[in-house]
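As structure tokens, the structure follows; a few thoughts come after it.
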Amino acid sequence: MGNPAIFPLIYHCDSADVVIVHINPIFRDEVPRTASEILSRVNELSFNSSLMREMRAIAFVSKLIDDGTIRPGAMKRMLIHAIADEPYMRSLQLTSKLNPDPQFLHHLHGIGRACADRWIDETFDALGNRTSIDLNGTYL
């Protein structure tokens, strides 16, 4: 299983804004060394692969629009936003994805709410106006 496709939002939605809620880290500083660490990283990379591919395509189209290579209106400019707590997501183990404990899920809900609240405070004015993340730095 991986991320749901973003392309339906491009072709079948009037809004140009897409908010991505990251539940897996994109980057890790450390190199996985044990079998469980390697398995965990393979899981993260597999889960994120379709997202990375679509973000690269969106960044490419955005560059073509910015450079004037394609005429205005020929393609839809997407405004990409992301809600993420990378340090916290990096602290979780692979087994956390299988943890149905209500206290743990409530804890995750609280982490998500706090992250979303910070995102709204810092990014709300970008909605409808501009991409609020560095597509190249994050996904390329």
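Residue numbers (the numbering used here): 23 to 162.
The beta carbon of each residue, even a glycine, is placed where N, CA and C say it ideally should be.
On a predicted model such as this, the values are computed, not experimentally measured, just so you know.
Cβ-based burial, residue i [other Cβ within 10 Å; buried from 16]
{"i": "S62", "result": "buried"}
{"i": "M100", "result": "buried"}
{"i": "Y33", "result": "exposed"}
{"i": "E52", "result": "exposed"}
{"i": "L73", "result": "buried"}
{"i": "T91", "result": "exposed"}
Endpoints, alpha helix (DSSP H) assigned at residue i
{"i": "A57", "result": "A57 to D89"}
{"i": "I102", "result": "Where I102 is concerned, there is no enclosing alpha helix (DSSP H), although the beta strand (DSSP E) it sits in stretches over L101 to I105."}
{"i": "R112", "result": "E108 to S113"}
Residue i (DSSP reduced to helix, strand or coil)
{"i": "L149", "result": "coil"}
{"i": "I155", "result": "coil"}
{"i": "I142", "result": "helix"}
{"i": "I48", "result": "coil"}
{"i": "I28", "result": "coil"}
{"i": "N92", "result": "Position check: residue 92 holds Ile in this sequence, whereas Asn was assumed. In this structure, I92 counts as coil in the three-state DSSP scheme."}
Euclidean distance between Cα positions of residue i and residue j
{"i": "Y110", "j": "L31", "result": "28 Å"}
{"i": "S113", "j": "L157", "result": "24 Å"}
{"i": "P26", "j": "D36", "result": "19 Å"}
{"i": "A104", "j": "I142", "result": "11 Å"}
{"i": "R50", "j": "R140", "result": "22 Å"}
{"i": "D39", "j": "L130", "result": "25 Å"}
{"i": "R93", "j": "F82", "result": "15 Å"}
{"i": "H44", "j": "A106", "result": "5 Å"}
{"i": "C137", "j": "G95", "result": "34 Å"}
{"i": "T117", "j": "I133", "result": "18 Å"}
{"i": "M77", "j": "F29", "result": "10 Å"}
Residue range of the unbroken beta strand (DSSP E) whose run includes residue i
{"i": "V53", "result": "From DSSP, V53 is part of no beta strand (DSSP E); its letter is neither H nor E."}
{"i": "D39", "result": "D39 to V43"}
Contact with chain B by residue i, beta-carbon distance below 8 Å
{"i": "P30", "result": "No chain B is part of this structure, which consists of one protein chain only."}
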